[in-house]
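Counting from 648, one number per residue, gives the positions in the sequence shown under my numbering. Single-structure report; data block below.
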Amino acid sequence: MKKLITFILILLGLYFLFTVFAPPVLEKGMNKVTHTPPYSVSDKAQKIYASLDFIGDLHTDSLLWKRDLSKKSDYGHVDIPRLREARVSLQAFTIVTKSPKGLNMHKNDADARDDITLLSIGQAQPPRTWFSLIERALYQSEKLHALAAKDENFRILKSADDLLKYLSERQKNKDLTAGFLGIEGAHALEGQIENVDRLHAAGIRMMAATHFFDNELGGSAHGISGEGLTDFGQQVVKRMDELGMIHDLAHISPSMIDDVLNLTTQPVLVSHTGVKGVLDSPRNLSDAHIKRIASNGGLIGIAFFPEAAGPKGTPDIVASMKYVRDLVGIEHVALGSDYDGTVTTPFDVTGLPLLVDEMLEQGFKEAEIRAVMGENMKRFLLENF
């Protein structure tokens, strides 16, 4: 019995050490930048950036990691101090609940080993999250609410009224920053329509139907079936419309994009994407879908990582913005970084002025820069939140 107790204590000790030291090592290898801060830009770009009234980004997966987002870190892409340093007004915090082993842009099996299960256990998250997708989603929502509870200058927004109140507050206090919650993949519903309401009650206001694999709602752009909305998927779209939740078309199959646009009564957005006209990838939007999303009154967030934007970094990101602008108009373009999404980006959130510099280089007008950097996102949320 003594040997058994000793063995158990050793195992518990090793597990404790693993949960302390392994998570930062893991994240440092997954959320990288090609250029580290501090960043420098032209005087003109810096002047424009300093004058921006609203800066917003539609996608970061920072809640997935164990890193304390209340403290400034020297790794990863986003935390609250760096959002404040970059003068970001509003950051969408998107929740990841499942990721298949061997993840790739082309074909993923929903039944492959789930790496987020290992991450949940390895980070010493509450046991309720270890084998439940809905509990993982609720836990990550709780993490953001806990941040807001201890930081008087951080807000979580859940409605257009919240946004209006926040904008008024921010005129008096420039240290304020804010976030809102989204879900990356409705497999988090676990096939139960009532879980849409549970997520909404937890403060989640945006949801993508799929992530990297097919699920109960239909096909992923990186899955196997390529199918559109299932009967359950149609139920979810209708319930989201009733609750006023925003449809995120990122990662869903082309057939499902059509189905959602045919069914929803609301404007949609794509929180993080590239465009096939710049980089032909399964995860990027075709011209036809860019036009359909624009005609729906939608918003397209341009991602920052090479598999979406292209290998050149910042020039490719801005080239993607320019492509959408030239095809359907600047009012449909926004930032959709995919920060902390197990990707390498050209810069962390404090490097956002580099985008202004590159937009000037590629001939964007100042009003267009303001629109992309946040005004379009603000307008969309005021109309649809």
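Where is the CB? At the ideal position from N, CA and C, for every residue including glycine.
- D895 and Y696 have their C-alpha atoms some 28 Å from each other.
- F827 is bridged by DSSP to A739.
- Fully enclosed alpha helix (DSSP H) runs of no fewer than 4 residues occupy 762-769, 780-797 of the region 737-802, in order along the chain.
- Counting along the chain, the unbroken alpha helix (DSSP H) around G880 starts and ends at 878-890.
- Annotation: R731 to S687 spans about 18 Å, alpha carbon to alpha carbon.
- In this structure, the beta-carbon distance from H936 to I904 falls below 8 Å.
- Following the DSSP letters along the chain, one finds S689 in no beta strand (DSSP E), marked with neither H nor E.
- In this model, A849 and S788 are separated by some 7 Å (Cα to Cα).
- Y813 and E799 have their C-alpha atoms some 13 Å from each other.
- Under the Cβ criterion (8 Å, minimum of three pairs), the region 778-787 does not count as touching the region 666-684.
- According to the DSSP assignment, A855 belongs to the beta strand (DSSP E) that extends over 851-855.
- Taking the Cβ atoms as the reference, I947 lies roughly 6 Å from V980, within the contact range of under 8 Å.
- For the pair D888 and K650, the Cα-to-Cα distance works out to about 59 Å.
- Minimum Cα-Cα distance from H847 among the listed residues G891, K923, E1008 corresponds to G891.
- The region 746-760 makes no contact with the region 819-828; the number of CB pairs closer than 8 Å stays below 3.
- Nearest Cα to P914 within the set N943, R886, Q738, Q881: N943.
- Around the CB of F951, 16 or more other CB atoms lie within 10 Å, so the residue is classed as buried.
- In this structure N931 touches T920 by the C-beta definition: roughly 6 Å separates them, less than 8 Å.
- Here the alpha carbons of S867 and G880 stand approximately 12 Å from one another.
- Boundaries of the beta strand (DSSP E) harbouring I893: 893-895, taken from the DSSP string.
- Under the three-state reduction of DSSP, V680 is assigned to strand.
- For the 8 Å CB-CB criterion, A733 and L999 form a contact.
- In the structure shown, the three-state DSSP call for I840 is coil.
- Here the region 799-810 lies against the region 1015-1030, with 3 or more beta-carbon pairs under 8 Å apart.
- The Cβ atoms of H682 and P993 sit closer than 8 Å to each other.
- Its Cα nearest to that of K679, the residue D987 stands out among L1002, G1010, D987, S928.
- Between L710 and I727 a beta carbon distance of about 12 Å is seen, past the 8 Å cut, so the two are scored as non-contacting.
- Per DSSP, D704 is one residue of the beta strand (DSSP E) stretching across 703-707.
- Using a Cβ distance threshold of 8 Å, P670 and K713 count as a contacting pair.
- For T961, no beta strand (DSSP E) segment is defined; the enclosing uninterrupted segment is the alpha helix (DSSP H) at 961-975.
- When DSSP states are grouped into helix, strand and coil, L1029 belongs to the helix group.
- With respect to G703, L982 sits close: the two C-beta atoms are nearer than 8 Å.
- Rounded to the nearest whole angstrom, the CA to CA distance from D995 to V965 is 16 Å.
- Under the three-state reduction of DSSP, H847 is assigned to helix.
- Residues of the same chain with a CB within less than 7 Å of the CB of Y970, apart from the 5 flanking positions on each side, are V922, G924, V925 in chain order.
- Partner residues in the beta bridge of V922, as assigned by DSSP, are L932.
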